[in-house]
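>
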Amino acid sequence: PLLVERGFDTATVVAAMAIIGPAQVAGRIAIWVFAPRASVRLIGCFVVVAFPAALIALQALPPSFALVAFVAALYGGANGIMTIVRGLAVPEMLTPDSYGAVNGILAAPGMVARALAPVGAAALWAWSGSYDAVLIATIAGSLVLVGGFWAAAILSRTSLPASL
77 PLLVERGFDT
87 ATVVAAMAII
97 GPAQVAGRIA
107 IWVFAPRASV
117 RLIGCFVVVA
127 FPAALIALQA
137 LPPSFALVAF
147 VAALYGGANG
157 IMTIVRGLAV
167 PEMLTPDSYG
177 AVNGILAAPG
187 MVARALAPVG
197 AAALWAWSGS
207 YDAVLIATIA
217 GSLVLVGGFW
227 AAAILSRTSL
237 PASL
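In the numbering used here, the protein residues as written are 77 to 240.
(1) Alpha helix (DSSP H) containing Thr86: first to last residue?
(2) Under 7 Å Cβ to Cβ from Val144, same chain only, skipping five residues before and after it: list those, please.
(3) Between the beta-carbon of Ala99 and the beta-carbon of Gly152, is there less than 8 Å?
(4) Give the secondary structure of Arg162 by DSSP, where H, G and I count as helix, E and B as strand, and everything else as coil.
(5) Excluding five sequence neighbours on each side, which residues of the same chain lie with their C-beta closer than 7 Å to the C-beta of Ser232?
(6) By how many angstroms is the C-alpha of Gly176 removed from the C-alpha of Ala202?
(7) Would you call the CB atoms of Gly103 and Asn155 closer than 8 Å?
(8) Quick check on DSSP: helix, strand or coil for Val124?
(9) Looking only at C-alpha atoms, which of Val109, Gln135, Ser140 sits nearest to Asp208?
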């Protein structure tokens with residue numbers, strides 16, 4: 077609905093969504109290539125910025141298929157990389173002990189947010205009458221993600237041996 081409201085037809089929306097999956101695979105291949113050369117902390121600090129960048133581009137730039145394809149590719153690639161980063165960040169940035177328990181605790185807030193997001197988005201849309209408020213809230217949430225990852229990266233550098 078967000079893309080349709082921004083003037084895209086259904087075929088364009090489907091085409092853009094179809095880009096996300098291959099971009100995730102490309103992102104996972106990219107991390108396979110770059111991971112031996114950089115720490116997970118460093119890779120994550122760069123890649124996490126792609127989420128708000130993609131959303132801000134969607135909000136600020138004029139609608140075109142090239143833009144929505146770029147946003148889908150950027151989001152998909154970053155999502156593919158961050159899937160791997162999430163799995164490797166716990167032992168590198170926190171502790172190699174109790175991997176499952178620590179990962180579960182870290183995943184819980186995201187799972188709650190994903191469960192509540194449809195209700196929150198619907199409430200924002202009902203309140204504002206458009207998806208602009210939803211997109212702005214999503215941008216704000218992605219900026220919190222960036223801040224949280226960067227804070228974790230900085231704090232882990234002070235408590236664990238540097239691996240950069």
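Beta carbons: idealized from backbone N, C-alpha and C, even for Gly.
Source: prediction; values computed, not measured.
Taking the structure as given:
(1) 86–110
(2) Setting aside the 5 residues that flank it on each side, Val144 is surrounded in the same chain by Leu79, Phe84, Thr88, Ala92, each with a C-beta closer than 7 Å to its C-beta; the list follows chain order.
(3) Yes, they are a contact pair.
(4) helix
(5) Arg117, Met169, Leu170
(6) If I take the Cα positions, the gap works out to 39 Å.
(7) yes
(8) Assigned with DSSP and collapsed to three states, Val124 falls in coil, not helix or strand.
(9) Checked all of Val109, Gln135, Ser140; the closest Cα to Asp208 is Gln135.
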